[in-house]
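Our numbering numbers the first residue of the sequence shown as 21 and each following residue consecutively.
Cβ atoms here follow ideal geometry from the backbone N, Cα and C, with glycine treated the same way.
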Amino acid sequence: MFRNSKAICGLAIIFIFFHRTIDCQYVYIDHSQQINGSELVQKSRGAEEAFDSLGETYLKSHRPLDRGPYFDTSATKNVTSLVGKTAHLNCRIKNLGNKTVSWIRHRDLHLLTVGESTYTSDQRFTSIYNKITGDWSLQIKFPQIRDSGVYECQVSTTPPVGYTMVFSVVEPITTIPGGPELYIDMGSTVNLTCIVKHLPDPPLTVHWTHNNEEINYDSPRGGVSVITEKGDITTSYLLIQKARISDSGRYSCLPSNANSKSVNVHVLNGDHPAAVQRAGDSLKYCSNLIVVLIVSRIIYIVH
Numbered sequence: 021m022f023r024n025s026k027a028i029c030g031l032a033i034i035f036i037f038f039h040r041t042i043d044c045q046y047v048y049i050d051h052s053q054q055i056n057g058s059e060l061v062q063k064s065r066g067a068e069e070a071f072d073s074l075g076e077t078y079l080k081s082h083r084p085l086d087r088g089p090y091f092d093t094s095a096t097k098n099v100t101s102l103v104g105k106t107a108h109l110n111c112r113i114k115n116l117g118n119k120t121v122s123w124i125r126h127r128d129l130h131l132l133t134v135g136e137s138t139y140t141s142d143q144r145f146t147s148i149y150n151k152i153t154g155d156w157s158l159q160i161k162f163p164q165i166r167d168s169g170v171y172e173c174q175v176s177t178t179p180p181v182g183y184t185m186v187f188s189v190v191e192p193i194t195t196i197p198g199g200p201e202l203y204i205d206m207g208s209t210v211n212l213t214c215i216v217k218h219l220p221d222p223p224l225t226v227h228w229t230h231n232n233e234e235i236n237y238d239s240p241r242g243g244v245s246v247i248t249e250k251g252d253i254t255t256s257y258l259l260i261q262k263a264r265i266s267d268s269g270r271y272s273c274l275p276s277n278a279n280s281k282s283v284n285v286h287v288l289n290g291d292h293p294a295a296v297q298r299a300g301d302s303l304k305y306c307s308n309l310i311v312v313l314i315v316s317r318i319i320y321i322v323h
């Protein structure tokens, strides 16, 4: 820009100088009749043409470029949604003009939408245009795991230009490490940890129940507390001090926006878990044996 400005100024000075020289030379012609006036006219025209050419070059260099449609790359290329929760893939286009915007699924190269019309029998896909922002969004209702993949926002230029986005559909996972059976010595501390992953937003609440009844942390029993840390991964800790036999039972972690998870806690009074397991197996064996004996007795009576 500055280089062109200097050139223009220089040429302007030359142009002015030429005019002054021409005027003087014309006066000289009038008095001495020794200089050819046609040469001076040609020089003057040449200077004017050079000046006009430079001015046109300057204007062209500062004229806004018509670059055609282009994408605003500040928009995120990765979108994650929860199973069943409506998702939007947002595509912002500048200088669209009279071009058409389409959405394509790369997995099967299926044309989903053209403009604001849906071109698939799956009516969960809809194209939405925002006239104020110029955004073209692909709306996906009730997304499933199988909808994960690469999608492309494409503009009908020649050749077409596109902006790809990665869409991930996740299902929340709730886990309690150490389950489904936990064996705790009487008098020790029960520490149950509930971990919730793959949530778009942290759960508003995480409730704990014991045998399907919500735990009362202010009960006379005392020594029961919960600590919940929310974030990309939400973790809730249930602490029960000085475990009693009555603390045995089924404990469930219930996040407000994810599936619940349960674990069976066995508070042992000196018994080894293996012994408890063997006792359970023995009861099961006895139950099966009693059933066999009853059936055999019925058959004997009938005959």
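Worksheet item: Taking all protein chains shown into account, do 16 or more other C-beta atoms lie within 10 angstroms of the C-beta of Q297, making it buried, or fewer, making it exposed?
Response: Here the model assigns Q297 a pLDDT of 45, short of 50, so the residue's position is not dependable, and the following value carries that caveat. By the neighbour-count rule (16 or more Cβ atoms within 10 Å), Q297 is not buried but exposed.
Worksheet item: F91 and R112: beta carbons closer than 8 angstroms?
Response: yes
Fill in: the segment 164-184 / the segment 198-208 touching (three or more Cβ pairs under 8 angstroms)
no
Worksheet entry | Contact set for T140: own chain, Cβ-Cβ below 7 angstroms, skip 5 residues either direction | H130, L132
Worksheet item: Are the segment 180-197 and the segment 229-243 in contact at 8 angstroms, needing three or more beta carbon pairs?
Response: no
Fill in: At least 3 beta-carbon pairs within less than 8 angstroms: the segment 161-170 vs the segment 221-234
no
Worksheet item: Under three-state DSSP, which class holds I165?
Response: helix
Worksheet item: Out of curiosity, what's the CA-to-CA distance linking D221 and D128?
Response: 31 angstroms
Item to complete: Can you tell me the Cβ-Cβ gap for V285 and I196, rounded? I've got them flagged as a contact below 8 angstroms.
Response: Contact flag wrong, Cβ pair sits at about 10 angstroms.
Discussion item. Is Q164 a contact residue of the ligand NAP, with contact defined as CB to any heavy atom under 7 angstroms?
Written reply: The ligand NAP is absent from the structure shown, which contains no ligands of any kind.
Discussion item. Is there a C-beta anywhere in chain C that falls below 8 angstroms from the one on P163?
Written reply: Among the chains of the structure shown, chain C does not appear; only one protein chain is present.
Item to complete: Could you check which residue in Q261, N232, K217, V287 has the C-alpha nearest to that of N279?
Response: K217
Practice prompt. Would you kindly work out how many angstroms separate the C-alpha atoms of K262 and G269, rounded to a whole number?
Written response: 15 angstroms
Item to complete: Count the other C-beta atoms from every protein chain shown that fall within 10 angstroms of the C-beta of T194, then say buried if there are 16 or more, exposed otherwise.
Response: buried
Item to complete: Tell me, please, which residues DSSP counts as bridged to M185.
Response: Y171
Discussion item. Quick check on the DSSP output: the beta strand (DSSP E) that includes G198 runs from which residue to which?
Written reply: Premise fails: G198 is in no beta strand (DSSP E) and is neither H nor E.
Item to complete: Measure the alpha-carbon distance for I152 versus K281 and round it to whole angstroms.
Response: 45 angstroms
Worksheet item: Which term fits I253, buried or exposed, when burial requires 16 or more other beta carbons within 10 angstroms of its beta carbon?
Response: exposed
Discussion item. Tell me the DSSP secondary structure of I253 in three-state form.
Written reply: coil
Worksheet item: For H126, which residues of its own chain have a beta-carbon under 8 angstroms away from its beta-carbon, when the five flanking residues on both sides are left out?
Response: G169, V170, Y171, E172, T184
Item to complete: Would you mind reading off the limits of the beta strand (DSSP E) that contains N118?
Response: Premise fails: N118 is in no beta strand (DSSP E) and is neither H nor E.
Worksheet item: Shortest alpha-carbon distance to N289 belongs to which of L116, V190, S266, K114?
Response: S266
Worksheet item: Run through DSSP, which three-state label would S282 get?
Response: strand
Worksheet item: Looking at the structure shown, is D205 part of a helix, part of a strand, or coil, going by DSSP?
Response: strand
Practice prompt. If I'm right that L259 touches V190 with Cβ under 8 angstroms, what's the distance once you round it to whole angstroms?
Written response: Rounded, the Cβ-Cβ distance is 30 angstroms, inconsistent with contact.
Discussion item. So, for H108: in the same chain, excluding its five sequence neighbours on each side, which residues have a beta-carbon less than 6 angstroms away from its beta-carbon?
Written reply: S157, Q159
Worksheet item: Apart from the five residues on each side of it in sequence, which residues of its chain come closer than 7 angstroms, Cβ to Cβ, to E234?
Response: H227
Worksheet item: Between the C-alpha atoms of N232 and Q143, what's the straight-line distance to the nearest angstrom?
Response: 40 angstroms
Discussion item. Would F187 and V99 be called neighbours here (beta carbons separated by less than 8 angstroms)?
Written reply: yes
Worksheet item: Taking just the CA atoms, how far does I215 sit from C273?
Response: 9 angstroms
Worksheet entry | Of the listed residues N277, R264, S147, L212, nearest to S256 (C-alpha basis) | L212
Discussion item. Strictly by DSSP, which residues pair up with R353?
Written reply: In the structure as shown, the chain starts at 21 and stops at 323, and residue 353 therefore has no counterpart that could be examined.
Worksheet item: How long is the line joining the alpha carbons of T248 and I124, rounded to whole angstroms?
Response: 42 angstroms
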